[in-house]
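Enquirer: Residue numbers (the working numbering): 249 to 714. Note that beta-carbon positions come from the ideal geometry of N, C-alpha and C, so glycine has one too. Being a predicted model, the structure only gives us computed values, none of them experimental.
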RNA sequence: GGCGCGGUAGCCAAGUGGUAAGGCAGAGGUCUGCAAAACCUUUAUUCAGCGGUUCGAAUCCGCUCCGCGCCUCCA
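This is the structure:
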């Protein structure tokens with residue numbers, strides 16, 4: 249079966265092929281840099297990482313743009329409160345975001361695009377919308393008039409036909425013609441950052457940056473547009489309204505949305521105090537890979553209930569895979585072994601591939617890998633695993649890791665070099681030979697304290713950093 | 001109220017018509033000078049409940065119960 253994704257637009261699973269040859273043009277909504285990213289944000293970004301890695305594994309090349317929203321209400325409020333400029337304030341959280349995503353092993357998109365670096369393009373876009381009759385002014389701000397965009401609601405599958413243009417609705421501070429209208433350009437408020445442009449002295453609304461930056465770098469019709477489910481409405485709906493009003497063409501062919509993550513069955517919130525960042529998790533002693541594994545292991549369209557127990561389970565599951573890989577690399581295998589292993593490896597790989605082709609069913613893909621691990625371990629324990637099968641088994645793990653990327657440990661403690669480890673292992677082996685077990689155990693303990701685990705096997709000592 | 005998602009073993013979770021994957025935890029065991037490591041075995045006559053369709057349903061239909069999300073800037 250071909251590669252296919254669930255498309256929010258059509259509410260169907262559809263076969264995916266890009267519009268432009270082998271290149272996948274993808275836009276994903278990135279962070280608003282007013283704070284550290286929490287694990288909910290990271291779930292969505294991890295999903296997008298798995299998505300792009302799988303597309304590449306399937307032979308496509310990526311042209312992926314992610315925005316960084318660096319002008320917005322909370323940013324302005326917080327930066328002013330701290331007496332910082334927008335740039336000073338957002339630089340801190342932009343760097344934190346890049347550090348976190350690197351630690352989580354998220355591939356960098358081909359381009360990050362900052363809102364503040366695309367003001368000119370946004371102004372032009374708003375002027376085009378104005379010229380085509382999609383905007384109106386109210387108290388110095390420019391609004392988008394959704395009544396003039398008949399298919400508004402097609403992404404979120406809301407029916408707005410009951411809302412009449414001109415039916416005046418009072419909403420908070422803004423005077424809009426229609427409750428669903430949204431701001432394209434906000435009039436300047438005294439003391440706040442603004443850009444003095446032909447359309448007024450003000451700043452961009454949130455939605456316009458994505459339309460503009462996506463089309464600037466990826467063209468009028470994207471292959472994939474992705475984000476969290478909460479963005480379906482209004483953000484992505486509004487992006488469609490803006491972009492398609494400008495071009496008259498479909499803005500994105502596939503809309504993919506990651507479900508939310510809950511913590512201990514509850515929505516993350518400040519009042520409950522259950523918001524975790526990657527920093528928090530690392531400080532608690534969990535590895536970034538454990539979080540990556542946990543976030544990736546639950547299929548992206550399913551709500552993920554985050555718990556520390558789940559994180560611990562993820563760590564253990566990774567260990568199992570790493571141990572299997574280490575065993576493949578270090579054990580000695582007989583020339584002749586159980587026949588049919590090559591076919592079983594091939595079958596596992598097929599199951600793995602087909603699971604991910606099926607709308608990124610990561611849970612099923614993992615099942616295929618673990619099933620093979622158990623099978624191969626059993627054969628190895630029986631002494632029937634042939635040396636010739638090891639490369640294919642390692643290749644399967646490499647395939648797995650090209651998507652999940654959890655097998656390489658994040659080194660926390662490098663106080664003991666590899667050479668030191670080898671030397672100490674040699675010393676321990678001598679101690680064991682002379683039956684000086686006290687010294688042998690002392691060395692093992694010493695290495696353990698530096699995060700290095702020794703294992704005695706029939707083929708000698710193997711070690712790993714934990 | 002509108003739109004949508006989900007309820008599968010202690011926990012996480014796959015499976016969308018053919019007789020319950022996988023991970024973690026638990027229990028038992030193998031290996032070992034010891035093992036904290038590693039590995040193996042085992043753990044749901046049953047898929048929220050009640051009806052229906054079918055030779056056959058966790059999977060389709062209806063009803064009920066429960067949990068959750070979005071409905072103006074929250075991934």
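Beta-carbon within less than 6 Å of residue 609's beta-carbon, same chain only, minus the 5 sequence neighbours each way: which residues are those?
Expert: Closer than 6 Å at the Cβ level, and outside the excluded window around residue 609, lie 547 and 603.
Enquirer: Restricting to Cα atoms, I'd like to know which of 592, 540, 689 and 268 is closest to residue 558.
Expert: Per the Cα distances, 540.
Enquirer: Would you be able to state if there are at least three C-beta pairs under 8 Å between the stretch 577-586 and the stretch 609-624?
Expert: Contact fails: fewer than three Cβ-Cβ distances are below 8 Å.
Enquirer: Which residue or residues does DSSP assign as beta-bridge partners of residue 718?
Expert: A query on residue 718 cannot be resolved here, the shown segment of the chain reaching from 249 to 714 and no further.
Enquirer: State the start and end residues of the unbroken alpha helix (DSSP H) segment that holds residue 274.
Expert: Not the alpha helix (DSSP H): residue 274 falls in the beta strand (DSSP E), residues 271-276.
Enquirer: Give the C-beta separation of residue 277 and residue 479 to the nearest angstrom, bearing in mind that I take them to be a contact with Cβ-Cβ under 8 Å.
Expert: Between residue 479 and residue 277 the Cβ distance is about 6 Å, and since that is below 8 Å, they are a contact.
Enquirer: My output table needs one value for residue 336: the three-state DSSP class, helix, strand or coil.
Expert: DSSP places residue 336 in helix when its eight states are reduced to three.
Enquirer: Taking the alpha-carbon positions, what's the residue 447 to residue 648 distance?
Expert: C-alpha separation (whole angstroms): 51 Å.
Enquirer: Taking all protein chains shown into account, decide if residue 568 is buried (16 or more other Cβ within 10 angstroms of its Cβ) or exposed.
Expert: Under this definition residue 568 is an exposed residue.
Enquirer: Select from 404, 517 and 374 the residue whose C-alpha is nearest the C-alpha of residue 453.
Expert: It is 374.
Enquirer: Leaving aside the five residues before and after residue 405 along the sequence, list all residues of the same chain whose C-beta is less than 8 Å from its C-beta, in chain order.
Expert: Excluding residues within five positions, the ones whose Cβ falls inside 8 Å are 259.
Enquirer: The alpha helix (DSSP H) with residue 288 in it runs from where to where?
Expert: 287-305 is the span of the alpha helix (DSSP H), which, as asked, contains residue 288.
Enquirer: If I measure Cβ to Cβ from residue 301 and keep anything under 7 Å in the same chain, skipping five residues before and after, which residues do I get?
Expert: Cβ within range, chain order: 355, 650 and 651.
Enquirer: Go ahead and pull the three-state DSSP assignment for residue 282.
Expert: Looking at residue 282 - three-state DSSP - the assignment turns out to be coil, as it is neither helix nor strand.
Enquirer: Please name the residue in 470, 553, 493 and 534 whose C-alpha comes closest to that of residue 507.
Expert: Of the listed residues, the one whose Cα sits closest to residue 507 is 553.
Enquirer: What three-state label does DSSP hand residue 508 in the structure shown?
Expert: In this structure, residue 508 counts as coil in the three-state DSSP scheme.
Enquirer: To the nearest angstrom, report how far apart residue 666 and residue 249 are at their CA atoms.
Expert: Going by the C-alpha atoms only, they are around 45 Å apart.
Enquirer: Over the uninterrupted beta strand (DSSP E) stretch that includes residue 449, give me the two end residues.
Expert: Taken as a continuous stretch (DSSP letters only), the beta strand (DSSP E) holding residue 449 covers 448-452.
Enquirer: Just to confirm the assignment, what range does the beta strand (DSSP E) spanning residue 391 have?
Expert: Per DSSP, residue 391 belongs to the beta strand (DSSP E) from 389-392.
Enquirer: Ordered along the chain, which non-local residues of its own chain (more than five positions away) have a Cβ less than 7 Å from that of residue 702?
Expert: The residues are 673, 692, 695, 709 and 711.
Enquirer: Under a three-way DSSP split, which group does residue 396 fall into?
Expert: Helix.
Enquirer: Which residues mark the beginning and the end of the alpha helix (DSSP H) in which residue 469 is found?
Expert: Looking at the DSSP string, residue 469 is not in any alpha helix (DSSP H), and its letter there is neither H nor E.
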